[in-house]
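To start, the structure itself, in structure tokens.
Following this line, the structure appears as structure tokens:
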């Protein structure tokens, strides 16, 4: 394998790693924001704050699915470049020749487990939330 092909594969691998890192970062932010809305709901005894927790859960689920889809497209590109003859390496990072439906990433097992759990926790808190009487 020549140096150009190795360099191209390294470029693609760095993008794959960045997409995976972004996905992990999004999961951390989702948990943080949802916990913050729970803290606000408990502080003010207002169920509406719990309902707001759905916004980051769904938004981060969509973003995470986007990054997972991109990661999979770059994995397809990596496999394509890996099988190319060394003289055909062109350093292209274009993934438009590959197809991955967005819903496959949205409903990927890892996303269903993580975001399904988060939404389940929000539902549990929402129905278990007993606002204290006041005024």
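In my numbering, the protein residues as written are 1285 to 1419. Beta carbons: idealized from backbone N, C-alpha and C, even for Gly. Fair warning: this is a prediction, and the values are worked out from it, not measured in the lab.
Between the stretch 1331-1343 and the stretch 1303-1322 there are three or more inter-stretch CB-CB distances shorter than 8 Å, so the stretches are counted as touching. In the three-state scheme derived from DSSP, where H, G and I count as helix and E and B as strand, residue 1286 is classed as coil. Our two residues, residue 1375 and residue 1408, have alpha carbons roughly 50 Å apart in a direct line.
With contacts defined by Cβ atoms closer than 8 Å, residue 1304 and residue 1406 do not form a contacting pair. If you draw a straight line from the Cα of residue 1394 to the Cα of residue 1295, it comes to about 26 Å. Pairing residue 1348 with residue 1291, the inter-Cα distance amounts to about 28 Å. Runs of the alpha helix (DSSP H) lying entirely within the stretch 1338-1410, each at least 4 residues long, are 1338-1367 and 1386-1390 in chain order.
Looking at the backbone, the Cα of residue 1302 and that of residue 1371 are separated by about 28 Å. Pairing residue 1361 with residue 1390 gives a Cβ-Cβ distance that is not under 8 Å. Annotated three-state conformation of residue 1328 is helix, per DSSP. The beta carbons of residue 1314 and residue 1358 sit no closer together than 8 Å. Taking 8 Å as the cut-off, the Cβ atoms of residue 1368 and residue 1307 do not count as close.
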